[in-house]
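Notes follow the structure.
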Amino acid sequence: MAPELSRRSLLTIAGGLGAGYLLAGCGSDDEPSATGASGGGGELVVRTWSGVWEGAVNAMASGFESASGISLLNDPGSDTLTLLEQRPGEHDVAWLIGTDSTRGMTDGTLEPIDTSRIERFGQINSRLSDGITHEGELSGVPISYTATGIIYNRDRLGFEITSWEDLWREELRGQLCIQNAPSIGGLFLVFTGARVFGSGPDDYEAGWKAIEELAPNVQFLFNTSSDGVSKLASGSVLACVTIADQGVPLREQGIETVIPEEGTTYSIQSLTVPAETKNKDAAYEFINFMLDPDNQVEWARNGKAAPSTTDVTLPDDLASELMETPAVAESLWPIDWYEFGQQIPDWTTRWQRIFGS
Numbered sequence: 021m022a023p024e025l026s027r028r029s030l031l032t033i034a035g036g037l038g039a040g041y042l043l044a045g046c047g048s049d050d051e052p053s054a055t056g057a058s059g060g061g062g063e064l065v066v067r068t069w070s071g072v073w074e075g076a077v078n079a080m081a082s083g084f085e086s087a088s089g090i091s092l093l094n095d096p097g098s099d100t101l102t103l104l105e106q107r108p109g110e111h112d113v114a115w116l117i118g119t120d121s122t123r124g125m126t127d128g129t130l131e132p133i134d135t136s137r138i139e140r141f142g143q144i145n146s147r148l149s150d151g152i153t154h155e156g157e158l159s160g161v162p163i164s165y166t167a168t169g170i171i172y173n174r175d176r177l178g179f180e181i182t183s184w185e186d187l188w189r190e191e192l193r194g195q196l197c198i199q200n201a202p203s204i205g206g207l208f209l210v211f212t213g214a215r216v217f218g219s220g221p222d223d224y225e226a227g228w229k230a231i232e233e234l235a236p237n238v239q240f241l242f243n244t245s246s247d248g249v250s251k252l253a254s255g256s257v258l259a260c261v262t263i264a265d266q267g268v269p270l271r272e273q274g275i276e277t278v279i280p281e282e283g284t285t286y287s288i289q290s291l292t293v294p295a296e297t298k299n300k301d302a303a304y305e306f307i308n309f310m311l312d313p314d315n316q317v318e319w320a321r322n323g324k325a326a327p328s329t330t331d332v333t334l335p336d337d338l339a340s341e342l343m344e345t346p347a348v349a350e351s352l353w354p355i356d357w358y359e360f361g362q363q364i365p366d367w368t369t370r371w372q373r374i375f376g377s
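First residue of the sequence shown? That's 21 in the working numbering, and the numbers climb one at a time after it.
In structure tokens, the structure reads:
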């Protein structure tokens with residue numbers, strides 16, 4: 021087991037990396053102090069992703085400190101579940117995707133969420149919370165989500181994409197980019213193929229047959245979503261399956277974004293509580309802070325992701341930047357994130373046989 025990451029260690033790392041860590045209200049103690057309820061002071065160590073998510077957490081931190089009196093230590097990075105397993109007790113709350121949150125809860129790294137402590141739990145889109153519930157226990161609290169869509173060059177393609185089935189058209193032969201496995205963005209297409217060409221969402225064999233038939237249309241497999249968008253923007257491909265919102269800034273370049281009429285898959289951004297947290301009360305206070313309607317709007321603005329709660333109305337300028345309308349929220353396909361996570365190793369092997377990646 022790695023040694024405990026002290027507050028002094030966090031400061032050292034922050035100094036070496038420069039911007040990216042928000043170390044508000046730091047005192048002189050070496051170890052994180054215990055944190056109580058609202059106004060109780062102390063510190064909360066938050067694990068999130070780097071990039072836009074890091075900046076979004078930093079943007080929310082001062083509001084949380086003002087409301088709670090608790091300083092937020094933002095520790096961004098990747099491989100969060102592995103880090104929580106290897107360094108128990110170092111983080112008080114962590115953002116995780118659906119597959120990781122359900123796996124972390126089942127292996128004991130995370131504690132099941134006590135929904136009685138979530139003040140606005142009833143306002144969360146149940147499709148999101150149901151997907152990360154396993155054997156009756158909730159593994160995380162959905163804060164936001166991003167829907168999967170198709171972005172394409174409407175001027176060059178020659179037809180309008182409205183359905184997932186359009187990806188298999190001959191006009192897209194060698195003109196499509198999709199995310200590579202084991203990332204979930206590519207493997208989502210197994211669900212798509214099962215729904216569009218099979219007997220239902222669990223007809224995985226039909227889904228895999230559809231993936232084999234789609235392969236000639238795929239020119240590029242991306243690992244980072246920005247790489248796929250760049251391929252489309254440069255004209256190297258005519259269509260890309262990715263986070264729908266990423267196509268919105270390209271409208272003036274003739275790029276159209278669609279969430280198909282059949283519905284869609286999604287990625288979820290959930291806050292989880294590590295089993296060894298030292299500051300459980302503060303963790304739940306932060307979760308409730310993030311679900312506040314005003315903070316849901318601010319998180320959407322900074323994180324470019326749709327609110328998880330159904331009673332939040334985004335201002336027009338922000339709504340125009342996101343594809344996740346209330347109708348889209350209702351059209352999300354059910355996903356059992358635990359089951360999906362169990363499938364990923366075998367599915368990745370099968371994927372590699374098809375694409376040679």
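Cβ coordinates follow ideal geometry from the N, Cα and C atoms, glycine included.
Please read these numbers as outputs of a predicted model, since none were measured by experiment.
Original post:
Can you tell which of 279, 315, 91 has the C-alpha that lies nearest to the C-alpha of residue 180?
Top reply: Cα-wise, what sits closest to residue 180 is 279.
Original post:
Under 8 Å, do residue 403 and residue 173 count as touching if we go by C-beta distance?
Top reply: This structure cannot settle anything about residue 403, because the visible part of the chain is limited to 21 through 377.
Subject >> Spatially closest choice to residue 183 from 360, 295, 259, 311, by CA coordinates >> reply: Checking every option, the nearest Cα to that of residue 183 belongs to 259.
Subject >> Minimum C-alpha distance to residue 343 - residue among 264, 222, 115 >> reply: Of the candidates 264, 222, 115, the one whose C-alpha sits nearest the C-alpha of residue 343 is 264.
Original post:
Near residue 282, which residues of its chain fall below 7 Å by C-beta distance, leaving aside the five closest residues on each side in sequence?
Top reply: Closer than 7 Å at the Cβ level, and outside the excluded window around residue 282, lie 183, 184, 215, 216.
Original post:
Among 121, 75, 65, which has the Cα closest to the Cα of residue 288?
Top reply: Out of 121, 75, 65, 121 has the C-alpha closest to the C-alpha of residue 288.
Original post:
Based on the DSSP output, what are the partners of residue 154 in its beta bridges?
Top reply: Beta-bridge partners assigned by DSSP to residue 154: 157.
Subject >> Close Cβ partners of residue 237 (< 6 Å) along its chain, the five nearest in sequence each way excluded >> reply: 192, 193, 196, listed in sequence order.
Subject >> Pairwise C-alpha distance: residue 80 and residue 128 >> reply: Spanning the two alpha carbons is a distance of roughly 29 Å.
Original post:
At least one CB of chain B closer than 8 Å to the CB of residue 175: is that the case?
Top reply: Of the protein chains in the structure, only one exists, and it is not chain B.
Original post:
Over what stretch of residues does the beta strand (DSSP E) that includes residue 96 continue unbroken?
Top reply: From DSSP, the beta strand (DSSP E) with residue 96 extends over 91 to 96.
Subject >> Between the CA atoms of residue 160 and residue 355 - distance to the nearest angstrom >> reply: Straight-line spacing of the CA atoms in residue 355 and residue 160 works out to 15 Å.
**OP:** Return yes when at least one heavy atom of the ligand MG lies under 7 Å from the C-beta of residue 215, else no.
**Re:** Judged by which ligands are present, the structure shown has none, so any question about the ligand MG falls away.
Subject >> Unbroken alpha helix (DSSP H) run spanning residue 288, endpoints >> reply: First-last for residue 288: 286 to 292, but that is the beta strand (DSSP E), not the alpha helix (DSSP H).
Original post:
Closest by CA to residue 133, which one among 298, 303, 186, 337?
Top reply: Distance check between residue 133 and each of 298, 303, 186, 337 places 303 closest, using alpha-carbon atoms only.
Original post:
Taking the continuous beta strand (DSSP E) assigned at residue 374, which residues delimit it?
Top reply: Segment 357 to 375 is the alpha helix (DSSP H) holding residue 374; no beta strand (DSSP E) there.
**OP:** Report all residues from its chain with a CB closer than 7 Å to the CB of residue 125; omit the five preceding and five following residues, and keep chain order.
**Re:** In the same chain as residue 125, and ignoring 5 residues on each side of it, the C-beta atoms closer than 7 Å to its own belong to 132, 154, 157, 159, in chain order.
**OP:** Thinking residue 145 and residue 347 are a contact (beta carbons under 8 Å), I'd like their distance in whole angstroms, please.
**Re:** Not quite, the Cβ-Cβ distance comes to about 12 Å (not below 8 Å), so this is no contact.
Original post:
Can you round the beta-carbon distance between residue 231 and residue 213 to whole angstroms, since I take them to be within the 8 Å contact cut?
Top reply: Yes, residue 231 and residue 213 are in contact; Cβ-Cβ is about 6 Å, under 8 Å.
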